[in-house]
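In what follows, a single structure is set out as structure tokens and then discussed.
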Amino acid sequence: MPSITGASVVDHVRDPQGDGTPQGDRASTGRLGDRLFGGTAKGAGVLVIALVTLTAVFLLSQALPALSKDGANFLTSTEWDVSGSHPRFGIANLLWVTVASSVIAMIIAVPVGVCVALFVTEYSPPWLSAPAAGLIDLLAAVPSIIYGIWGAFVFGPHITGLQSLISKLFGWLPFFDNDTGGVSSSGTIFFIGIVLSIMVLPIVTALSREVFAQTPVTHKEGALALGATKWEMIRTSVLPFGKPGVISASMLGLGRALGETVAVLIILSSLASDTKWSWSVFNGGETFASKIANNAAEFDSPQKSGAFIAAGLVLFILTFVVNAIARVVIERRKAFVE
Amino acid sequence: MNIQSRRRLASVTGIALVGTFAISGCASDNNSSAAPSASGAKSNPVNCAKGTLNGEGSSAQKNAIEQAITDFQTACPGATINYNPTGSGAGIKQFIAGQVDFAGSDSALKTKPAEGATNIEQADADKACGSPAWNIPMVTGPIAVAYNVKGVDKLILTPAVTAKIFDGTIKTWNDPAIAAINPGVTLPTTAIKVFFRSDESGTTENFTKYLSAAAPKDWTAKPGKKWTGKGEGKEKSAGVSSGVKGAEGGITYVEWSYAKDNQLGIAQIDNGAGPVALSGEAVGKAVSAAKQAGTGNDLALKLDYATKESGAYPILLVTYEIVCSKGKDPAKATLTKAFLQSFAAADMQTKLQEIGYAPLPADIQAKVLTSVNALS
Chain A
1 MPSITGASVV
11 DHVRDPQGDG
21 TPQGDRASTG
31 RLGDRLFGGT
41 AKGAGVLVIA
51 LVTLTAVFLL
61 SQALPALSKD
71 GANFLTSTEW
81 DVSGSHPRFG
91 IANLLWVTVA
101 SSVIAMIIAV
111 PVGVCVALFV
121 TEYSPPWLSA
131 PAAGLIDLLA
141 AVPSIIYGIW
151 GAFVFGPHIT
161 GLQSLISKLF
171 GWLPFFDNDT
181 GGVSSSGTIF
191 FIGIVLSIMV
201 LPIVTALSRE
211 VFAQTPVTHK
221 EGALALGATK
231 WEMIRTSVLP
241 FGKPGVISAS
251 MLGLGRALGE
261 TVAVLIILSS
271 LASDTKWSWS
281 VFNGGETFAS
291 KIANNAAEFD
301 SPQKSGAFIA
311 AGLVLFILTF
321 VVNAIARVVI
331 ERRKAFVE
Chain B
1001 MNIQSRRRLA
1011 SVTGIALVGT
1021 FAISGCASDN
1031 NSSAAPSASG
1041 AKSNPVNCAK
1051 GTLNGEGSSA
1061 QKNAIEQAIT
1071 DFQTACPGAT
1081 INYNPTGSGA
1091 GIKQFIAGQV
1101 DFAGSDSALK
1111 TKPAEGATNI
1121 EQADADKACG
1131 SPAWNIPMVT
1141 GPIAVAYNVK
1151 GVDKLILTPA
1161 VTAKIFDGTI
1171 KTWNDPAIAA
1181 INPGVTLPTT
1191 AIKVFFRSDE
1201 SGTTENFTKY
1211 LSAAAPKDWT
1221 AKPGKKWTGK
1231 GEGKEKSAGV
1241 SSGVKGAEGG
1251 ITYVEWSYAK
1261 DNQLGIAQID
1271 NGAGPVALSG
1281 EAVGKAVSAA
1291 KQAGTGNDLA
1301 LKLDYATKES
1311 GAYPILLVTY
1321 EIVCSKGKDP
1331 AKATLTKAFL
1341 QSFAAADMQT
1351 KLQEIGYAPL
1361 PADIQAKVLT
1371 SVNALS
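Chains A and B, in that order, give the protein sequences.
My numbering applies: residue 1 is where the first sequence begins, and numbers increase by one.
My numbering applies: residue 1001 is where the second sequence begins, and numbers increase by one.
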């Protein structure tokens, strides 16, 4: 069967039955458009892998010389002194602040985001759900510096009361110890966690909403027909179906929270260099991203920039690990749903 | 970010940003409408030259140099001057690499190797120029000790007390040490909240230089760009000043303009010859008292932070323009000379006071002009 665009695979492949239609993966016709598209897709995939690998190689090559001169333990030290001939720096503080603020953000954003998504898909009247969804998406479009300034100047002054209340009630827990002496008002890990949760909320909500909306109507109707209440229907059909989606939404959000720079930079107070270690979330500190951004203007020696890039490398690995865990979880969940 | 887009940003985000951007884009715009015609018509007309000049460096002099550039470009069509405020270290690096025509820096080129390095900045710069590189002081920026204490409009601080406040030894405002030098002022029991610059900055360096020179017993840490005292860190000048504004009992060190814009109290400094309020004139006196560390036309200054001269305000930073004494490209050299002449001119220097800088005192300004005129 010759065609205008040249020889087709169909012309050559004949199976024993004499039926000329290729099946499955062999369905490619070998035509130009087909090969072009396949090549482009493959190229894009390779490009992404190459980008990530090259980023890792760049970070490593810049970080290693500085790391080799480090006089302190890079992973456990809380010092950060990168100039001079005997630099001593470690990431313990940065790692703690980054993780703590992101975890607080997730604790707030995920339940709220899921509830908002459920409201939009299941509870709200039809005339409301579309504008509500649009509004939430709009939240995601607000640049982070706006959140930062809003947090620092508008929201910040109101948070002090809540903080002192929590520390009064739960002050016996090391996490809520208010007696750290360092940070006065709203520049705390706790507060930046709340602001981050607002920034993450639209991501979690928008993705969860999309997945919940995909729940097969038959599942839902089946549950209702068996006498389930609305909440039972959501619990038995919508939530299990949407779980992988919610998890991957949370991981995307977590990625944003971990890497957020400008808002953290504006809101979070850093600590004087010899401040004692504290587990309290009512303390200040710096995250990986904010520390790098704050000092980028003064990278005057390769050793200094190397030290900061080493910190960046840890953030890179942290994000990578988080996403890898998410992949594993999602793959497992999928098996139950389908 | 160029001036155009910054201007737009400032107008859009309006009130929320007043503290942050108050002196960046808008400050230079407000003056430029009336100014250029005046500076062009006055006794010292601007020498014009054509071409493009690129500079990079200190962000402390950003607003001053932007004002100078606006005026110069208005007076001299055909001249383009770009200044990229990336920080002193970056500016010097680019200058040595030959990427920019002049560098702005908070400190003169170092004549000794920096810690952990073997090369000498001054030697490298000389080599890059093929002629001696000169440090020309152009802008002086006073650093205010700004505070926010209700009911205290006037506060006098000595170097020793300042050092003790900033290293956390003095913890409350009604401490006897503060009360003793402020007779007649009712000080509250509020805790002192110290705010410092969390980024590395020339302001921190000059403030700690002052503390360790004027109160060596109380401030033992080595001066540097990184804060070594106590307190809570905020990002950049805008961050510390808004931090103090929002915290009752707060105190910080910040450029004069930020203290003024945020309506913070500014402490008078008593170095031993009586309290001195921060003013352009008082800063000028301190600059005049500085020794010249460079030779000939290299005007690197050695500030005497512990100066006991009466009426001199001792906490300040001087920013330099670092240029080649003999430019490689004659056209650029002419333009550099013309631009710096207009920058150092008396009327330009006076104008800088409106945007939070102090003018060079007359004697130093005369020396600067001599140096600039000797550029070739």
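For each residue, glycine too, the CB sits at the ideal point set by N, CA and C.
Since we're looking at a predicted model, the values are computed, not measured.
Residue i classed as buried or exposed, judged by whether at least 16 other C-beta atoms fall within 10 angstroms
i       : result
T98/A   : buried
V321/A  : exposed
F58/A   : exposed
K230/A  : exposed
R209/A  : buried
G1250/B : buried
I1178/B : buried
K1225/B : buried
N295/A  : buried
I1143/B : buried
W1256/B : buried
K1391/B : Residue 1391/B is absent from the model: chain B starts at 1001 and stops at 1376.
V1012/B : Any reading at V1012/B must be qualified, since the residue scores a pLDDT of 43, below 50, and its modelled position is unreliable; the value itself is stated next. Exposed.
Y1147/B : buried
C1076/B : buried
I309/A  : buried
A1163/B : buried
N1082/B : exposed
G285/A  : buried
F1095/B : buried
N1206/B : buried
The beta strand (DSSP E) enclosing residue i, as first and last residue numbers
i       : result
Q1268/B : 1268 to 1270
N1054/B : 1051 to 1057
T98/A   : No beta strand (DSSP E) contains T98/A, which is instead part of the alpha helix (DSSP H) from 92 to 118.
N1084/B : 1079 to 1084
Span of the alpha helix (DSSP H) around residue i
i       : result
S1088/B : 1088 to 1096
I267/A  : 262 to 267
E1066/B : 1062 to 1075
L67/A   : 32 to 69
W150/A  : 144 to 150
P189/A  : According to the sequence displayed, residue 189/A carries Ile and not Pro. Counting along the chain, the alpha helix (DSSP H) containing I189/A begins and ends at 189 to 213.
T164/A  : In the sequence as presented, Thr is not what sits at residue 164/A; that position holds Ser. Its alpha helix (DSSP H) spans residues 160 to 170.
I136/A  : 126 to 140
D1124/B : 1121 to 1129
Q1099/B : No alpha helix (DSSP H) holds Q1099/B; DSSP gives it neither H nor E.
A293/A  : 288 to 295
Bridge partners - residue i, DSSP secondary structure assignment
i       : result
S1105/B : Y1320/B
K1291/B : K1302/B
N1135/B : I1322/B
F89/A   : W80/A
E1232/B : L271/A, F1195/B
V321/A  : Beta-bridge pairing links V321/A to no other residue.
A1358/B : T1140/B
P1275/B : D1270/B
C-alpha distance - residue i paired with residue j, whole-angstrom precision
i       : j       : result
K1285/B : L1360/B : 9 Å
W277/A  : Y1253/B : 26 Å
I292/A  : S301/A  : 14 Å
S129/A  : D1167/B : 56 Å
A1065/B : L1340/B : The residue asked about is misnamed: residue 1065/B is Ile in this sequence, not Ala. Approximately 10 Å between the Cα atoms of the pair.
R35/A   : L47/A   : 18 Å
I166/A  : F176/A  : 7 Å
T1158/B : S1058/B : 29 Å
A1123/B : W1134/B : 11 Å
F170/A  : V217/A  : 45 Å
G1293/B : K1302/B : A small fix is needed here, since residue 1293/B is Ala in this sequence, not Gly. Those two C-alpha atoms are separated by around 6 Å.
P143/A  : L318/A  : 24 Å
V1283/B : T1140/B : 8 Å
A1191/B : F191/A  : 22 Å
P1085/B : K1150/B : 36 Å
K1367/B : S1131/B : 20 Å
V112/A  : R332/A  : 25 Å
Partners in chain C for residue i, counting only beta-carbon separations shorter than 8 Å
i       : result
T1350/B : As a matter of chain content, chain C is missing from the structure shown, whose protein chains are A and B.
- [ ] Tell me the start and end of each unbroken beta strand (DSSP E) in the region 1138 to 1221 of chain B that is at least 3 residues and wholly inside, in chain order.
- [x] 1193 to 1197
- [ ] Quick one: which unbroken alpha helix (DSSP H) runs of 4-plus residues sit fully inside the region 1234 to 1271 of chain B? Chain order, please.
- [x] 1236 to 1246, 1256 to 1261
Open item on the list: Just to confirm the assignment: which complete alpha helix (DSSP H) runs, minimum length 4, are found wholly within the region 221 to 260 of chain A?
Closed with: 230 to 233, 239 to 259
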